[in-house]
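*Asks:* Right, I'll just put the structure down here and ask away after.
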Amino acid sequence: MNLTHCLLLASFLFCVGVYGLLTRRQAVAVLLALELMMNAANLAFVAFAHFRGGPGQLFVVFALAITVAEVAIGLALVMLLYRRHDDTALDRASETQG
Amino acid sequence: MTLLFVLALVVTAIAAVMVVAAKNLVRAVMALALMLLGTAVLYALLEAPFLAGVQVLTYVGGVVTLMIFGVMVTRRHEGANAPAERIHGFRGLVVAAGMFALLAWAVVASDLERGATPIVKPETTRSLATALLDDHLVAFEVVSLLLLAALIGAVVLARRRDGRDEGSAILAAASREAIDAQQAPAGSAHGGDAR
Amino acid sequence: MSQWIQLFALEFAVVAIAALVLLWDAFAPRTGRAVGWITALLLGGVLAASFFVDGSGAAPHGVFVRDAWVVFHERLFLAAGILGVLGSIDWLAMRTPKRQAEYYALLLFSLAGMMLLAGARDWILLVVCFELMSMPLYVLCAYGKQDGPASEPKLAAEAGLKLFVTGAASSGLTLFGLALVVGMTGTSHIGPIVTGGPVGSGPAPLTIVGMLFVLAGFGFKVGAVPFHMWVPDTYQGAPTPFVAFLSVAPKAAGLATLAIVLLGGWSASSSVWLPALLVIAGASMVVGNFFALPQTDARRLLGYSGIAQIGYALLAIATQSRGGLAMTLFFVATYVFTNLGVFFVLHAAAEEGGGHTLARIAGLSKRSPWLGGALLVFLLSLAGIPFVAGFWAKLFVFMEAWNAGLVTLVVLGVALAVVGLYYYLTVARSTYMADGDRSTPVRTGFALGAAIVVCLFFVVGLGLWPKPLVEAANHAAAGIVSGR
């Protein structure tokens, strides 16, 4: 149990989140992937704070508040899109043209 | 201790993979809950008991509930069966794997264990609260604005045009929970002063 | 206590206005356009007060520093906020007459976040302010009529979600990068990267990766290539008066953040971030200008044009000199007024014409010579033609970059400015040469007209007499980069 192990785990969680972000189609699933990324950052903060000191834990307190606010806004947007679309698939909705 | 650490590590990693790999969105949310619990255990092992508690309360208690709610509301009545769809599977895998390779290389190449930095005196909830309300008071106040803005924003978005507020109450609850999380260390700071 | 009030007087005022607007709406709903006008007037009062209140100083522990740099940005954001409110008044009163106050309140919260951001010298405060700025923008993006057969509400909700996912993902990227940087350096203060190792060994690989993650996160926020995918979609989908605000104020705030972090904190580690920044700047100029060429929707075209303009601004930051930073500020300030103006004229034309495609705004100057002329001036300013503000902005940026030795990028930038001229003039041509299907003059609401006139005044005024703004920018830049 040392810093290297913790950071490897945090990196792994972050990259799994990135994978989910890029491949998931439903908006709620994308939100789940975003949670993974945020959680990975928090884990890295706590691990650094434990092994090296510094303001990591304090950062996590703020990051938690930010994340919860983001989830609230994100879910509200998903519901709004659902009401206007009857579906929450991200790319069917999009009209990207270059 | 080490055994518990390894166990939490493995459970967290597997749960994380399940979050993005699960065919069913409800299962994915459940896997997220497991992942968040595993992280909470890791926090406890890393001597961050306050954060472990907050993690369980706000994340597992609040965020996961919200997510379940989101899955259920945005699906037609299919019960607990909400299939997840995916796109660009290969491209995403390449990007994520490349990023992990970069990060893993950086972590290993940085040689973090060299010189055996002594483990610092763990941060207590009290020292955390002092830092929160003294050094970072400005940021603390700004977060209160942020939560207010998020609250108003969620209500604005979730309000129906006929005036029924179906989602806003639940979203408001989430924001309240975040405020509670902010205030908990503040309370302990006052307690500390009293002593 | 009084020291706090003095330090944050303007921010307090902006938040107080937001609270006032919300309460007003709760107790006296359905007051028509009054809410918007009150907001604009009170913000004008705050802007005027910024010339009389001397709030210079620093918060305890140096988390927030208020100097000429902050004052410059506060005035810029307030001006953008006032114009953004003015431009939205008519649209809001028409589209969502029952829900106006929340729009202004959210815009004011975002504004408060931007104003605080400019003075943040601590990572925690910086991140929190950035979120305070971004969170209301996600909501405003999806603001609008919820019913109606048009595809507009759908597009707006989608644009909001797209902006949200991009914004949240970039927050995650920034946070993870910060975890590495803050963890390795052991302090949340935005300052030089202190390597723990022997002298001259440079930062550890993990610190470097963390710095690049942070840079990428902010790259998303300002919409620089390769993090630009959200820009055209969001511009196309969101309500146009809001896009006007979104396309200038948050970008200015993002550039200010980059300047604080790169030039203020990490200036000693420029060997790490400079190559990445140069690549991003060059790619933004190329992609923005070339992808704008085939666009037929004016908002998408302006989205890509905005990406290109960010490239020029990043080029000025990459000079790492006080003069270069000052010219970034000058560039951003002129861009604020020009782009707001373009979007407002476009909004006025599209409200009547029924769409934002170039075909829909064809013949605009025959219907309303006044609006057509204003649009032409703004487009010329974006293209960088002499005697409007944008000319000096581009010229100064290229001169500073040339002096800093970034010759290749300057040549590239000048060549691409010619490409830019082509598509800006394409828009102008369709309003002057082509015939639209209508001939009645475009009616513009009083507030929107006033906003366009103010933008026009600054664009032409700064084109004829840029000196005061140049001096103010030079003065402000000294707060971040000392020396030349």
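Line by line, the protein sequences give chains A, B and C. The numbering of the first sequence is the working numbering, which starts it at 2 and goes up by one. The numbering of the second sequence is the working numbering, which starts it at 15 and goes up by one. The numbering of the third sequence is the working numbering, which starts it at 5 and goes up by one. Glycine included, each C-beta is placed from N, C-alpha and C at the ideal position. None of the values given here were measured: they were computed from a predicted structure.
Look at residue 33(B) and residue 21(A) and say whether their C-beta atoms are less than 9 Å apart.
*Replies:* Looking up residue 33(B) in the second sequence gives position 19. Looking up residue 21(A) in the first sequence gives position 20. Closer than 9 Å, so yes.
*Asks:* 9 Å is my cut-off, CB to CB: does residue 126(B) come that close to chain A?
*Replies:* Within the second sequence, residue 126(B) is the residue found at index 112, counting from 1. True, the Cβ-Cβ gap to chain A drops below 9 Å.
*Asks:* With H, G and I counted as helix, E and B as strand and the rest as coil, what does DSSP make of residue 79(B)?
*Replies:* In the second sequence, counting from the first residue as 1, residue 79(B) sits at position 65. In this structure, residue 79(B) counts as helix in the three-state DSSP scheme.
*Asks:* With DSSP run on the structure shown, which of helix, strand or coil describes residue 149(B)?
*Replies:* As a working mapping, residue 149(B) is identified with position 135 in the second sequence. Three-state result, residue 149(B): helix.
*Asks:* Assign residue 58(A) to one of three DSSP states: helix, strand, or coil.
*Replies:* Taking the first residue of the first sequence as 1, we reach residue 58(A) at position 57. DSSP places residue 58(A) in helix when its eight states are reduced to three.
*Asks:* On the CB-based measure, 16 or more other CB atoms within 10 Å of its CB, does residue 293(C) come out buried or exposed?
*Replies:* As a first step, residue 293(C) is located in the third sequence; it is residue number 289 there, counting from the start. Buried.
*Asks:* Are any of the Cβ atoms in chain B nearer than 9 Å to that of residue 42(A)?
*Replies:* Reading the first sequence from its first residue, position 41 is the one you call residue 42(A). Closer than 9 Å: no.
*Asks:* Note down, in chain order, every chain A residue with its Cβ under 9 Å from the Cβ of residue 81(B).
*Replies:* Numbered from 1 along the second sequence, position 67 holds the residue referred to as residue 81(B). Chain A residues near residue 81(B): 29, 32, 33, 36, 72, 76.
*Asks:* Below 8 Å, is the gap between the Cβ of residue 124(C) and the nearest heavy atom of the ligand GTP?
*Replies:* Inclusion of the ligand GTP in the displayed structure is not the case, the ligand content being empty and no account of it being possible.
*Asks:* Need the endpoints of the alpha helix (DSSP H) that residue 61(B) sits in, please.
*Replies:* Within the second sequence, the letter at position 47 stands for residue 61(B). Where residue 61(B) is concerned, there is no enclosing alpha helix (DSSP H), given that its DSSP letter is neither H nor E.
*Asks:* Shorter than 9 Å from the beta carbon of residue 158(C) to some beta carbon of chain A?
*Replies:* Stepping through the third sequence from its first residue, residue 158(C) is reached at position 154. For residue 158(C), the answer is yes, since a Cβ of chain A falls inside 9 Å of its Cβ.
*Asks:* Beta-carbon within less than 7 Å of residue 49(B)'s beta-carbon, same chain only, minus the 5 sequence neighbours each way: which residues are those?
*Replies:* Along the second sequence, one-based indexing puts residue 49(B) at 35. Within the same chain, residue 49(B) has close Cβ partners 26, 29, 30, 33.
*Asks:* For the segment 353-372 of chain C and the segment 296-307 of chain C, state whether three or more C-beta atom pairs, one from each stretch, are separated by less than 8 Å.
*Replies:* Flag = yes, the segment 353-372 of chain C and the segment 296-307 of chain C touch.
*Asks:* Return the CA-CA distance between residue 381(C) and residue 161(C), expressed in angstroms with no decimal places.
*Replies:* Indexing the third sequence from 1 puts residue 381(C) at position 377. Indexing the third sequence from 1 puts residue 161(C) at position 157. Cα-Cα distance, rounded: 33 Å.
*Asks:* Give me whichever residues DSSP pairs with residue 193(C) in a beta bridge.
*Replies:* In the third sequence, the residue the question calls residue 193(C) occupies position 189. According to DSSP, which records beta bridges pairwise, residue 193(C) is partnered with 126(C).
*Asks:* Would you say the segment 343-358 of chain C touches the segment 444-458 of chain C, given that touching needs at least three Cβ pairs under 8 Å?
*Replies:* Cβ pair count under 8 Å is three or more, so yes.
*Asks:* Three or more C-beta pairs closer than 8 Å, one from the segment 32-42 of chain A and one from the segment 166-185 of chain C: is that the case here?
*Replies:* Touching, per the Cβ criterion.
*Asks:* Is residue 324(C) helix, strand or coil by DSSP?
*Replies:* For the purposes of this step, residue 324(C) is taken as residue 320 along the third sequence, with counting starting at 1. Coil, per DSSP.
*Asks:* Which same chain residues, not among the five before or five after residue 196(C), have their C-beta less than 8 Å away from its C-beta?
*Replies:* On the third sequence, position 192 is the one that residue 196(C) refers to. Result list for residue 196(C): 269, 270, 271, 272, 273, in chain order.
*Asks:* Using a C-beta to C-beta distance shorter than 7 Å, which residues of chain C count as neighbours of residue 2(A)?
*Replies:* Position 1 of the first sequence, counted from the start, is the residue given in the question as residue 2(A). In chain order: nothing, as chain C lies at least about 17 Å away.
*Asks:* Thinking C-alpha only, which one of 106(B), 63(B), 58(B) is nearest residue 24(A)?
*Replies:* As a working note, residue 24(A) is residue 23 in the first sequence. Comparing Cα positions, the closest option is 106(B).
*Asks:* With 9 Å as the threshold, decide whether the Cβ of residue 69(A) is near any Cβ in chain C.
*Replies:* Within the first sequence, the letter at position 68 stands for residue 69(A). No, its Cβ sits nowhere closer than 9 Å to a Cβ of chain C.
*Asks:* Taking its Cβ as the centre, do 16 or more other Cβ atoms sit within 10 Å of residue 279(C), making it buried, or is it exposed?
*Replies:* The count along the third sequence starts at 1 and reaches residue 279(C) at position 275. It is exposed - the Cβ of residue 279(C) has fewer than 16 other Cβ atoms within 10 Å.
*Asks:* Does residue 140(B) get closer than 9 Å to chain A when you measure Cβ to Cβ?
*Replies:* Here residue 140(B) refers to the residue found at position 126 when the second sequence is read from its first residue. No, because no Cβ of chain A sits closer than 9 Å to the Cβ of residue 140(B).
*Asks:* According to DSSP, is residue 478(C) helix, strand or coil?
*Replies:* Within the third sequence, numbered from 1, the residue matching residue 478(C) stands at position 474. It is helical.
*Asks:* Please classify residue 7(C) as buried or exposed, where buried requires at least 16 other C-beta atoms within 10 Å of its C-beta.
*Replies:* If you number the third sequence from 1, residue 7(C) lands on position 3. Under this definition residue 7(C) is an exposed residue.
*Asks:* Take residue 223(C) and list the residues in its own chain whose beta-carbon comes closer than 7 Å to its own, dropping the five residues that flank it on each side.
*Replies:* Looking up residue 223(C) in the third sequence gives position 219. So the list reads 231, 284, once near-sequence residues are dropped.
*Asks:* What residue from 287(C), 392(C), 133(C) has the CA that sits closest to residue 335(C)'s CA?
*Replies:* Your numbering for residue 335(C) matches position 331 in the third sequence. Nearest of 287(C), 392(C), 133(C) to residue 335(C), Cα basis: 392(C).
*Asks:* Closer than 8 Å is the cut-off here; do at least three beta carbon pairs connect the segment 460-468 of chain C with the segment 303-314 of chain C?
*Replies:* With the cut-off at 8 Å, the segment 460-468 of chain C and the segment 303-314 of chain C do not touch.
*Asks:* Within 9 Å (strictly less), CB to CB, does residue 14(A) reach chain B?
*Replies:* Numbered from its first residue, the first sequence carries residue 14(A) at position 13. It does: the Cβ of residue 14(A) has a partner Cβ on chain B nearer than 9 Å.
*Asks:* Please name the residue in 34(A), 16(A), 73(A) whose C-alpha comes closest to that of residue 114(B).
*Replies:* Taking the second sequence and counting its residues from 1, the one referred to as residue 114(B) is at position 100. Checked all of 34(A), 16(A), 73(A); the closest Cα to residue 114(B) is 16(A).
*Asks:* Taking contact to mean at least 3 C-beta pairs separated by less than 8 Å, is the segment 96-106 of chain C in contact with the segment 14-32 of chain C?
*Replies:* Judged by Cβ distances under 8 Å, the segment 96-106 of chain C makes contact with the segment 14-32 of chain C, as three or more pairs qualify.
*Asks:* Run through chain C and tell me which residues come within less than 8 Å of residue 156(B), C-beta to C-beta.
*Replies:* Start at 1 with the first residue of the second sequence, and residue 156(B) comes out as number 142. Under the 8 Å cutoff, chain C gives 117, 120, 129, 132, 133, 136.
*Asks:* Could you spell out the range, first to last residue, of the alpha helix (DSSP H) harbouring residue 46(C)?
*Replies:* In the third sequence, the residue the question calls residue 46(C) occupies position 42. 38-53 is the extent of the alpha helix (DSSP H) around residue 46(C).
*Asks:* Of all the CB atoms in chain A, is at least one closer than 9 Å to the CB of residue 261(C)?
*Replies:* In the third sequence, residue 261(C) corresponds to position 257, counting from 1. It does not; no Cβ of chain A falls within 9 Å.
*Asks:* Name the DSSP bridge partner or partners of residue 301(C)?
*Replies:* Translated into positions along the third sequence, residue 301(C) becomes position 297. Beta-bridge pairing links residue 301(C) to 361(C).
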